[in-house]
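The numbering of the first sequence is full-length UniProt numbering, which starts it at 1 and goes up by one.
Heads up: the structure comes next, in structure tokens.
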Amino acid sequence: MSGPHDDVLSIGELSRRTRASVRSIRHYEQSGLLDAARTSTGHRRFTADDVETVRRIRLLLDGGLSLAVIAKVLPCFADEGATLDACVAEYLRDHLHTVQERIAHLDRQRESITRLQQLVSA
DNA sequence: CTTCTTACA
DNA sequence: TGTAAGGA
């Protein structure tokens, strides 16, 4: 028997289990974050471990990390669970810095816009 | 109906 | 990422 409870999943099943779109999953594989086997007809076959991996990817993506960085950070996850290894600290620190710079930039733009609005003749 | 690739918005 | 196209 085979069904949605086996450890071999189609891209559609992986998508439903992770809430990640089929399109995104194909993209993660292209980016080297996922390693999918292929059937004789070329269809991707995933495993139960991939469900966890996709969830981790989404977790990192929520933090704004790029897929390129996520590829390097993924192996920093302690097996099972969502605990991160210390090797991620460096990437997290760098990313937080760039995010803060973007916030500062946007802050300056906001102030500029406010000043420009003062020049608008009612 | 599901998946695949390529390509464009 | 979404979606369209054209097949398998």
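Note that CB positions come from ideal geometry on N, CA and C, so glycine has one too.
Integer Cβ distance of residue i from residue j, believed to fall under 8 Å
i, j, result
"T53", "D7", "Rounded, the Cβ-Cβ distance is 13 Å, inconsistent with contact."
"L33", "L74", "6 Å"
"R58", "A20", "6 Å"
First through last residue of the beta strand (DSSP E) which encompasses residue i
i, result
"R58", "Taken as a continuous stretch (DSSP letters only), R58 belongs to no beta strand (DSSP E), being part of the alpha helix (DSSP H) at 48-62."
N- and C-terminal bounds of the alpha helix (DSSP H) containing residue i
i, result
"S121", "No alpha helix (DSSP H) holds S121; DSSP gives it neither H nor E."
"S24", "22-30"
"S15", "11-18"
"A68", "67-73"
Same chain only: Cβ atoms within 7 Å of residue i, ignoring 5 sequence neighbours per side
i, result
"R55", "T18"
"V51", "L14, R17, T18"
"residue 143", "Given that the chain is displayed from residue 1 to residue 122, the structure contains no residue 143 and the question cannot be resolved."
"L60", "I70, V73"
When the options are compared against residue i, the one with the closest alpha-carbon
i, options, result
"D35", "A71, L59, S66", "A71"
"G64", "H27, T41, H97", "H97"
"T41", "S10, I25, V69, D49", "S10"
Residues near residue i in its chain [Cβ-Cβ closer than 8 Å; skip 5 each side]
i, result
"R38", "R44, R45"
"Y28", "A20, L34, V54, I57, L67"
Contacting residues, own chain, Cβ-Cβ under 6 Å from residue i (five flanking each side not counted)
i, result
"L67", "S31"
"I113", "none"
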